[in-house]
């Protein structure tokens, strides 16, 4: 099972592999944003442990450019997809033989599950799998509150001060990494001088939680950071390419909390309908939660609470896919 994680930012220090469960439990009272960041990294552990308890090998990529050289192309589907698929190949190459018997212990059959940014990445990975990992057998993909309709992030530039504004510079960073030719448009037409300087000072060094704080992108109205973001065709096109309405050849499961304040339930339902129209030869399931278990901490809301409520239903769905596969 390849797990694709949610948004941590594009800074290397936010890479999940650099974190640990112990750090998430202890936290750091001298650095509250990093404490919240660690809680976010720990949020899917219950779900992943359920998968492990069912006897599945679980792998997770940091995505390109997180904790390694170069930029992280945030929400750039092709880059995310390759990471989500490559980690399966890496696990099989490194750990696939029992030292005593020489038998294969990690099968060629696999599934993909992701949350938030990772839900979007999971769908892109499922789309790419037939050509990128043709020697493996993808059985299903599950996306929990997947990111979609990224061009709508441009509307954040019109809002007063809000922590969610941080997602717009992150998406712009991803667009720039996928299309370096955007640099001139960003400097001349997208950012104000104040916004451009803040972007350069923060985007590669702060985690997503830190970017949302008042001393970063959560402090001022969007219009102090951005010029009017209409008629920016190259940026808009890059954001639209991040939308995961894709051809996928395996069963798809989309789950969403109705009261999720981070990823709109209405937007996710639109994506589900688009996927159903595009993929009529496979099942495209919709699972909706009117109420979910509390997240830890509760301030993380239903966007993370769903990771507690969807554990057994999701694992049971995946188990049926494994059981019926040839």
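Numbering (the working numbering), first residue to last: 25 to 350.
For glycine and all other residues, C-beta sits at the position ideal for the given N, C-alpha and C.
Query	Result
Using a Cβ distance threshold of 8 Å, determine whether the segment 225 to 238 contacts the segment 57 to 69, with at least three qualifying pairs required.	yes
Which value, in whole angstroms, describes the spacing of the CA atoms of residue 145 and residue 78?	24 Å
Between which residues of its own chain and residue 134 is the CB-CB distance below 8 Å, once the five residues before and five after are set aside?	25, 26, 112, 160, 161, 162, 163
Among 143, 98, 121, whose alpha-carbon lies nearest the alpha-carbon of residue 268?	143
Can you have a look at residue 116 and say buried or exposed, based on whether 16 or more other CB atoms are within 10 angstroms of its CB?	buried
Do you know how far the Cα of residue 292 is from the Cα of residue 91?	30 Å
With respect to the beta strand (DSSP E) encompassing residue 135, which residues constitute its N-terminal and C-terminal limits?	133 to 139
In angstroms with no decimal places, state the Cα-to-Cα distance between residue 266 and residue 152.	14 Å
Let me check understanding here. Comparing Cα to Cα, which of 214, 240, 281, 284 lies closest to residue 257?	214
Suppose you measure from the CA of residue 211 to the CA of residue 249; what does that come to, to the nearest Å?	12 Å
Please classify residue 95 as buried or exposed, where buried requires at least 16 neighbouring CB atoms within 10 angstroms.	buried
Can you look up residue 50 in the DSSP assignment and give me helix, strand or coil?	The predicted position of residue 50 is uncertain, since its pLDDT is 49 and thus under 50; a value taken from the coordinates is nonetheless stated next. If DSSP states are grouped into helix, strand and coil, residue 50 belongs with the helices.
Can you tell me where the alpha helix (DSSP H) holding residue 296 begins and where it ends?	289 to 302
According to DSSP, residue 281 sits in a beta bridge with which residue or residues?	313
Can you tell me where the beta strand (DSSP E) with residue 236 in it begins and where it stops?	No beta strand (DSSP E) contains residue 236, which DSSP labels as neither H nor E.
Apply the 10 Å Cβ neighbour rule to residue 158 and answer buried if 16 or more other Cβ atoms are within range, or exposed otherwise.	exposed
Could you give the uninterrupted runs of the beta strand (DSSP E) lying entirely in the segment 116 to 199, keeping only those of 3 residues or more?	133 to 139, 161 to 168
Does the separation of the CB atoms of residue 235 and residue 68 fall below 8 Å?	no
May I ask which residues mark the beginning and end of the beta strand (DSSP E) holding residue 27?	26 to 28
Looking only at its chain, what residues have a beta carbon closer than 8 Å to the beta carbon of residue 240, apart from the 5 residues adjacent to it on each side?	190, 222, 226, 230, 234
Report yes or no: is there a C-beta of chain C within less than 8 Å of the C-beta of residue 37?	Going by chain labels, chain C is absent from the structure shown, which holds only one protein chain.
Between the alpha carbons of residue 207 and residue 196, how many angstroms are there, rounded?	10 Å
Looking at the secondary structure, which residues open and close the alpha helix (DSSP H) in which residue 61 lies?	56 to 66
Residue 308 bridges to which residues according to DSSP?	276
When you compare the CB positions of residue 150 and residue 136, do they come within less than 8 Å of one another, or not?	yes
State the start and end residues of the unbroken alpha helix (DSSP H) segment that holds residue 336.	335 to 348
If contacts are defined as beta-carbon pairs under 8 Å, then residue 165 and residue 272 qualify, I think. What distance do you get, rounded to the angstrom?	7 Å
Should residue 34 go down as buried or exposed, given a rule of 16 or more other Cβ atoms within 10 Å for buried?	buried
If you count every other CB in all the chains shown that lies within 10 Å of the CB of residue 73, and 16 or more means buried, which is it?	exposed
How would you call residue 261, buried or exposed, if buried means at least 16 neighbouring beta carbons within 10 angstroms?	exposed
In the structure shown, what three-state DSSP assignment does residue 250 receive?	strand
Keeping to the same chain, check which residues put their C-beta closer than 8 Å to that of residue 341; ignore five residues upstream and five downstream.	164, 166, 277, 309
How far does the alpha helix (DSSP H) with residue 258 in it extend, from its first residue to its last?	257 to 264
Helix, strand or coil for residue 83? Go by DSSP, reduced to three states.	strand
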